[in-house]
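Working notes, beginning with the structure itself.
2 protein chains.
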Amino acid sequence: MRLVDAHSGLAVLDRDECLARLRTEVVGRLAVVHAGAPVIYPVNYVVDGEDVVFRSDPGVKADAGLRGPVCFEVDHLHRPTKSGWSVVITGRLEEARPRPGTDWRDLVELPLEGWAGGKHQLFRIVPDHVTGRQVGASQLKP
Amino acid sequence: MRLVDAHSGLAVLDRDECLARLRTEVVGRLAVVHAGAPVIYPVNYVVDGEDVVFRSDPGVKADAGLRGPVCFEVDHLHRPTKSGWSVVITGRLEEARPRPGTDWRDLVELPLEGWAGGKHQLFRIVPDHVTGRQVGASQLKP
Chain E
1 MRLVDAHSGL AVLDRDECLA RLRTEVVGRL AVVHAGAPVI YPVNYVVDGE DVVFRSDPGV
61 KADAGLRGPV CFEVDHLHRP TKSGWSVVIT GRLEEARPRP GTDWRDLVEL PLEGWAGGKH
121 QLFRIVPDHV TGRQVGASQL KP
Chain H
143 MRLVDAHSGL AVLDRDECLA RLRTEVVGRL AVVHAGAPVI YPVNYVVDGE DVVFRSDPGV
203 KADAGLRGPV CFEVDHLHRP TKSGWSVVIT GRLEEARPRP GTDWRDLVEL PLEGWAGGKH
263 QLFRIVPDHV TGRQVGASQL KP
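Heads up: the protein sequence lines correspond to chains E and H, in order. The opening residue of the first sequence carries number 1 in the working numbering; numbering runs sequentially from there. The opening residue of the second sequence carries number 143 in the working numbering; numbering runs sequentially from there.
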């Protein structure tokens with residue numbers, strides 16, 4: 001039985017569904033807090049285990065993200081039917097190292113797309129909480 | 143001549159281009175800071191003048207957004223060509239009142255889609271900064 005968010009009326013996705021959907025997309029939005037204000041950055045990402053891995057260069061995104069909590073959002077929207085899903089992760093950012101049981105080659109060879117190019121450092125979002133909601137049609141299941 | 147972001151190599155969109163693109167989409171992502179952490183919420187929105195208007199209910203999104211700065215992001219992605227654009231607004235949130243020279247009816251009759259439904263209070267994001275980037279193909283211009 002599908003759970004429904006009592007506040008929003010949206011269908012709730014469990015953690016496994018959220019991770020499965022994260023694996024179907026390649027662009028998400030990272031939010032960090034910089035000087036007390038939220039800042040959103042679109043990034044290409046790939047799921048590694050239950051973490052999110054992306055590339056960046058030194059700058060506010062990396063500096064602020066490494067200093068405090070981060071949020072990461074991915075969605076898939078179908079405007080004609082006003083339907084879609086979104087997954088939101090809260091967690092911490094760290095410089096990417098291979099996960100236990102994997103090595104650097106596994107990390108380097110992750111199928112991480114780079115639309116913008118020129119970004120050299122790998123970062124990992126380690127989730128604390130993974131939540132997901134779906135609105136409308138079920139054809140959006142992965 | 144198209145400006146290019148020296149850091150990312152992405153084409154820079156000027157404010158008018160950003161606002162024009164915002165008007166072509168209906169779902170964006172609002173980020174607020176709650177208890178020191180960034181939180182992202184997808185919302186249906188409409189552009190009113192140069193502001194972003196959306197509906198919400200009482201809760202963290204509204205409370206945290208009214209207390210501090212907010213960030214709002216909209217993008218349009220075309221995965222087959224690894225291209226797309228994103229617009230990021232930083233600004234403040236307020237309970238929506240009609241803009242100068244408009245009345246409540248204008249506000250109520252804004253073509254604001256509501257995919258999730260059941261959200262009764264109107265909020266307005268008043269931008270301080272509007273920035274945009276484009277990666278890849280030009281067919282994504284509105």
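Beta carbons: idealized from backbone N, C-alpha and C, even for Gly. Note that the coordinates shown come from a computational prediction; the quantities given were computed from them, not determined experimentally.
Minimum C-alpha distance to residue i - residue among the options
i	options	result
Gly-49(E)	Ser-8(E), Val-135(E), Arg-97(E) and Gln-121(E)	Arg-97(E)
Ile-267(H)	Val-188(H), Pro-180(H) and Asp-156(H)	Val-188(H)
His-176(H)	Trp-227(H), Cys-213(H) and Thr-166(H)	Cys-213(H)
Val-108(E)	Arg-55(E), Asp-63(E) and Arg-29(E)	Arg-55(E)
Arg-99(E)	Val-53(E), Arg-21(E), Asp-128(E) and Gly-118(E)	Val-53(E)
Thr-81(E)	Arg-21(E), Ala-20(E) and Gly-136(E)	Gly-136(E)
Asp-193(H)	Asn-186(H), Asp-199(H), Thr-273(H) and Gly-233(H)	Gly-233(H)
Gln-263(H)	Val-216(H), Arg-163(H), Asn-186(H) and Asp-158(H)	Asn-186(H)
Leu-235(H)	Pro-200(H), His-220(H), Ala-204(H) and Asp-217(H)	Ala-204(H)
Pro-58(E)	Val-130(E), Leu-77(E), Leu-110(E) and Phe-123(E)	Phe-123(E)
Arg-163(H)	Asp-270(H), Gly-243(H), Gly-260(H) and Leu-219(H)	Leu-219(H)
Thr-273(H)	Asp-217(H), Arg-209(H) and Gly-260(H)	Asp-217(H)
Arg-118(H)	Gly-36(E), Pro-111(E) and Asp-16(E)	Past the boundaries of the shown model lies residue 118(H); chain H is included only from 143 to 284, so the question cannot be answered.
CB contact below 8 Å: residue i versus chain E
i	result
Gly-259(H)	yes
Arg-286(H)	The structure shown does not extend to residue 286(H), since chain H is modelled only from 143 through 284, so no value can be given for it.
Val-212(H)	yes
Thr-232(H)	yes
Glu-255(H)	yes
Arg-157(H)	no
Arg-221(H)	yes
Asp-217(H)	yes
Within-8 Å CB hit, residue i to chain H
i	result
Lys-61(E)	no
Gly-9(E)	yes
Val-87(E)	no
Val-27(E)	yes
Ala-20(E)	no
CB of residue i within 8 Å of CB of residue j, strictly
i	j	result
Asn-89(E)	Ala-173(H)	A small fix is needed here, since residue 89(E) is Ile in this sequence, not Asn. It is not a contact, given that the beta carbons lie outside the stated cut-off.
Val-168(H)	Glu-237(H)	no
Arg-275(H)	Asp-156(H)	no
Arg-247(H)	Arg-29(E)	no
Pro-180(H)	Pro-69(E)	yes
Val-202(H)	Cys-160(H)	no
Ala-11(E)	Arg-2(E)	yes
Ala-206(H)	Ser-8(E)	no
#### Entry: Positions along the segment 30-55 of chain E whose CB lies within less than 7 Å of some CB in chain H
Listed by position along the chain: Ala-31, Val-32, Val-33, Gly-36, Ala-37, Pro-38, Val-39, Ile-40 and Pro-42.
### Query
Which residues, taken in chain order from the segment 266-280 of chain H, show a beta carbon closer than 9 Å to some beta carbon of chain E?
Within the segment 266-280 of chain H, the residues whose Cβ lies closer than 9 Å to some Cβ of chain E are Arg-275, Val-277 and Gly-278, listed in chain order.
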